Structure formats: C-alpha cells, structure tokens
Amino acid sequence: MSEAATAIVWFRRDLRLADNPALSAAIGHAQCVIPLYVHAPDEEGDWPPGAASRWWLHRSLGSLAASLRTRGATLHVRRGPTSSAIIGVARATGATRVYWNRLYEPAIAARDARLAAELREAGLEVECFNAALFVEPWGTCTAQGGPYRVFTPFWRSCAGLLDSQPGPLPAPARIHSADVGNSAVRIDDLGLQPAIRWDSGLANAWTPGEEGAHERLQRFCESALHAYDTGRNRPDLPDTSRLSPYLHFGEIGPRQCLAAVRNALLDRPSAKAAADTFIRELGWREFAHHLLHHFPHTATEPLDTRFGAFPWEPSPDWLEAWRRGRTGYPIVDAGMRELWATGWMHNRVRMIVASLLTKNLRQPWLEGARWFWDTLVDADLASNTLGWQWTAGCGADAAPYFRIFNPTLQAARHDPDGAYVRRWLPDALRDYPSPIVDFRESRAAALAGYARIKARS
DNA sequence: TGAAATGTTGGGGCG
DNA sequence: ACGCCCCAACATTTC
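Numbering-wise, the working numbering comes out as the position in the first sequence, counting from 1, plus 41.
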C-alpha cells in the first residue's frame, strides 16, 4: 500500500506494541500514527465484557497508554458508536487510513465488516491483520472442505502452518504521532472499574498489560515449562502459564509464546514433549476460534441438537450454591472461591466444577458459561463456549455424555496433599456444608437423562 | 482430558 | 503335591 500522511491504529484486543501487525504496518506506511481505543460494549452483541474483564481492560488500557507515551504517542480514547468515533478522529487529524487487527466473535466480526464498508464509504482506506491466531478460522478445513469438529485432526492440519509461522515483530522504538485536539475521554471515565471495590484480590493476583505478559511468559518458560506434562494438572502447584487473560486481550500473541518456548528449548532440549503439550493447549484456543466462527450459534445453543431435549433441572438455589462455592465438595468450592477471589481458575478445576454443575446438579451449561463470563479475567467467548459444551457433552469433540468427574477422586489425584483446597477453603473444618447432592445418585440421574436424549436420535 | 462394574489372572495360604 | 479359595492387581466392558 502506498504511503499515507496520517493513519489511525484502532486498538481492540491487541493491546500490545510488540508483534502487532496493524501497528507495524501503520508505522511502516504512514508518516504519522494515531493510536485509538473506542469504548463501545453495546456493539459486542449478547456478550459485552463482564465485570472481571472490564477490570482487566481498565488496567490494560492504562498500561498501553503508558508504553505508547514512552514512545512519543498518546492513546486516544473515544466512546462509540465506533464508526462516528473513527470518522471523527480522521476528520480532526486528516487521517486517510485505518489499521486494525481482526477479531473473530460472530457479532464483532459482523460489526467490523459493516464498519469497514462504512469507513470506505466515508473515503477512508481500511487494512486488517491477523495478530491473534496461528491459523485464522478459515485457514484450514477438512478434506471435504468443511470445518473440523474434532481437535486432533484439526491440530494435525495446523502442524505445517505452525512450522512456517513468521517470527514475532519487534516493538516500534518510536511512534511519530499527532495531536487530536480536545473531546478526549479519559480511561478512568469509561466506567470499567467496579463501583464497589471488590477487586483487591484481582489486583494482588495479576499485573495486566504487555510487560506483565512478558514477565509471566518468561517465568513460565524458565520454571514450569519443563514440568508442564504433569504439572499442568496440579492446581496446588504454580505450573501453568496463566497467560490466558494476556492472550485474550492481546497483550501477548501466540507467535510470541511459540518463539519463547522454542528459545527455551535451546537451553533444555529435554523439555520438547512438555513444550509440545503447551503449544497444543494454544491449539485448543485456535480450535475454539475455528468452531465459533463456523458454528456461530453455539455461544448459546448446543452444537449437538439432541441436547435441546435434555432434561435440565434449573434450580436458582443450586446455581447460587455453586456460584458461591457452597456445594459441599471441597475441590469444587475451592475452585469457585479461587475464581471469585482472583478472576481465574485452574483448568483442571474448571472441568471439575463444570462437570458437577452440568451433570450432577443438572443446571444448564449456559448458566455456568454466563457466570464464568462475568467472573473470569480471561473470559473469551470462543474458549468459554468450547469448554462448557465440551464438559456438558453437547459440543464438538465433546467429552462423551457418560464422562462424569468424581470430585473426590479428582481431588485425590490432582491435589494429593489438599494444599489447593486448604488455600481457598481455610475455614473448611468448621461450618462446612455437607454435599449438596449425593454423587452416586446424581450421577445415575444424569446418565438416565442422557440415555433419554440418546434414544431419540 | 472418567468412573464404576465386571471379568480375568495368578500368587499364596491352607487343608 | 495338589486343589481350592481368597483377593489383589490388572484388563475389559459398561455407563
């Protein structure tokens, strides 16, 4: 593309300077770059960011603004509607071109398509990039030409593309920017912070932003990657990467993770298998985006249509007991309290709490998905949808309907010393509720329910 | 990336 | 020595 005088870089969930294709292209192709963030949650369909995500976003925007400042640029913030915000900034600065990195959630992708048309209508050039995925949702397909529904063949098909990934782009040393004039909105004015300050636990647990992401990745590569094969299943150990919120907000990208892991392998080749397992987890993230793109209704509807007839037994009391960590199953309650306190839960424990909610308590999986959506700092529509439908047995490559986790056995296996439970349930010895359901009986009831919908097919 | 029930095998105690 | 039983350990099937 030819040289432009001034270009807008529209930041969304690519809140980083390094390995940011839209930003690098803008700097390469324009003399002057205007970094812009537009706050328009009502344009995100049924899934505007939840409370924990808003908290993270507030911090992350602050971090991005600070690092832009050190490079000579200002992060300009506007309220939506996005089209008028971008057009307004373009008019004020004389920008003729807009760069952004793609998002893939159905409602957002549709908004972006309409927006691009509208901007072009207004005389602006638009260019979009991939910053978030090794393989975009349309970047691979089965031999029949359709989308994958099973992870292993999907991931196998990505292997070649993984090897040919370009190396991460460097962060720009300096950004030539320009003044936008007034009508600025401060990040603090966006209403992202909770009115009641319940967020001290989150603040203690996390450092949102690009710098925090790189520290986390570095620490993981040095101290946990080599043990990832077994350590990843241990909620009592600090052996997972905890990169999920950083990846969701694009404070780091998968290519950067891949490069860091490969670099770590130079010093410790024996960690190859563990590294492959970690990269495979990034693959699940890719698979989730692939699925949500090709089956856009699955954020609210089961992919397996038989589940429309499943005999869920909605109970506000049981749902609330689960949310508050008062089910009487220690590993479940510990997980739900870790989630409430830190905005995050170990993946193994996510599977256990989700299994209990959907199978033993027979609450609709969407209720669990909505609670996670509001409370997780890494809430991601694609990953959340995949995870819940997988556990409930109604999704792609789902756990078979009869796969029901026994929380007691899972705790013995994956939290053998009880350290995780004690950390989050320090008061468990007194005033602790007895199990909300009998495991054996509720398991049998779930199996009976699944047998009924199975028979209909 | 499941759990429980059921089936099989083989070692050792014992009459 | 031999057969019988018990049962742990493992394998297979079922949900």
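Every residue gets a Cβ at the ideal spot worked out from N, C-alpha and C, and that includes glycine. These numbers come from a predicted model, not from an experiment.
Practice task
May I ask you to list the residues that DSSP assigns as paired with residue 182?
Solution key: In DSSP, residue 182 forms no bridge with anything.
Problem - Residue from 126, 251, 348 with nearest C-alpha to residue 75 - result: 126
Problem - With 16 other Cβ atoms within 10 Å as the buried cut-off, status of residue 331 - result: buried
Practice task
Have a look at 286, 267, 159 and flag the residue whose alpha-carbon is nearest the alpha-carbon of residue 257.
Solution key: 286
Exercise for the section: Determine the direct distance from the alpha carbon of residue 110 to that of residue 227, and round the result to whole angstroms. Expected result: Each residue's CA atom was taken as its position, placing residue 227 and residue 110 some 15 Å apart.
Exercise for the section: Could you check which residue in 147, 251, 48 has the C-alpha nearest to that of residue 338? Expected result: 147
Handout entry: Extent of the continuous beta strand (DSSP E) run through residue 53
Key = Note, residue 53: premise wrong, no beta strand (DSSP E); not H, not E.
Handout entry: Cβ separation of residue 354 and residue 175, assumed to be a contact under 8 Å, to the nearest whole Å
Key = Wrong, their Cβ atoms sit about 41 Å apart, outside the cutoff.
Handout entry: Buried/exposed call for residue 239, threshold 16 Cβ in 10 Å
Key = Per the 10 Å Cβ criterion, exposed.
Exercise for the section: Give me whichever residues DSSP pairs with residue 120 in a beta bridge. Expected result: 80
Problem - 6 Å CB neighbourhood of residue 1 in its chain, flanking five on each side removed - result: What is shown of the chain runs 42 to 498, which leaves residue 1 out entirely.
Exercise for the section: With DSSP as the reference, label residue 130 as helix, strand or coil. Expected result: For residue 130, the secondary structure class from DSSP, reduced to helix, strand or coil, is helix.
Practice task
Could you name the residues of the same chain whose beta carbon sits closer than 6 Å to that of residue 124, not counting the 5 residues immediately before and after it, in chain order?
Solution key: Here the set comprises 156, 159.
Exercise for the section: Give the single residue among 272, 445, 400 whose Cα lies nearest to the Cα of residue 315. Expected result: The shortest C-alpha separation from residue 315 is found at 272.
Problem - residue 167 - containing beta strand (DSSP E), residue span - result: 166-170
Problem - Per-residue burial, residue 443 [other beta carbons within 10 Å of its own, 16 or more giving buried] - result: exposed
Exercise for the section: Return the chain-ordered list of same chain residues with a C-beta closer than 6 Å to the C-beta of residue 463, the five sequence neighbours on each side being excluded. Expected result: none
Problem - Alpha carbon of residue 136 to alpha carbon of residue 118, nearest angstrom - result: 16 Å
Handout entry: Euclidean distance between Cα positions of residue 268 and residue 306
Key = 13 Å
Handout entry: Distance between residue 195 and residue 185 (C-alpha atoms, nearest Å)
Key = 13 Å
Practice task
Kindly identify the DSSP beta-bridge partner or partners of residue 138.
Solution key: 48, 166
Exercise for the section: Output the distance between the C-alpha atoms of residue 235 and residue 350, rounded to the nearest integer angstrom. Expected result: 38 Å
Handout entry: CB of residue 499 within 9 Å of CB of residue 371, strictly
Key = Since the first and last residues shown for the chain are 42 and 498, residue 499 lies out of range.
Practice task
List the whole-angstrom C-beta distance separating residue 396 from residue 426, where the pair is believed to meet the contact cut-off of C-beta under 8 Å.
Solution key: Not a contact, Cβ separation roughly 17 Å.
Handout entry: residue 495 burial status per 10 Å Cβ neighbour count (16 or more: buried)
Key = Around the beta carbon of residue 495, fewer than 16 other beta carbons lie within 10 angstroms, which makes this residue exposed.
Problem - Neighbourhood of residue 415 by C-beta, 6 Å cutoff - its chain only, sequence neighbours within 5 removed - result: 91, 92
Handout entry: Residue burial classification, residue 60 (beta-carbon count within 10 angstroms, cutoff 16)
Key = buried
Exercise for the section: Flag this pair as touching only if the segment 359-376 and the segment 474-484 have three or more C-beta atom pairs under 8 Å; answer yes or no. Expected result: yes
Exercise for the section: Identify the continuous alpha helix (DSSP H) that holds residue 101 and give its terminal residues. Expected result: 92-111
Exercise for the section: Would you be able to state if there are at least three C-beta pairs under 8 Å between the segment 161-178 and the segment 61-80? Expected result: yes
Exercise for the section: Please confirm whether any heavy atom of the ligand PLP lies closer than 8 Å to the CB of residue 151. Expected result: For the ligand PLP, the structure offers nothing, since it holds no ligand at all.
Practice task
Please look up how many angstroms separate the CB atoms of residue 67 and residue 48, rounded, as I've assumed it's under 8 Å.
Solution key: By a beta-carbon distance limit of 8 Å, residue 67 contacts residue 48. Their separation comes to about 4 Å.
Practice task
Use the C-beta contact count for residue 473: other C-beta atoms within 10 angstroms, 16 or more gives buried, fewer gives exposed.
Solution key: exposed
Exercise for the section: Mark residue 400 as exposed unless 16 or more other C-beta atoms lie within 10 angstroms of its C-beta, in which case mark it buried. Expected result: buried
Practice task
Identify the continuous alpha helix (DSSP H) that holds residue 436 and give its terminal residues.
Solution key: Residue 436 -> no alpha helix (DSSP H), and no H or E assigned at all.
Handout entry: CB contact flag (residue 266, residue 374, <9 Å)
Key = Taking 9 Å as the Cβ cut-off, residue 266 and residue 374 do not qualify as a contacting pair.
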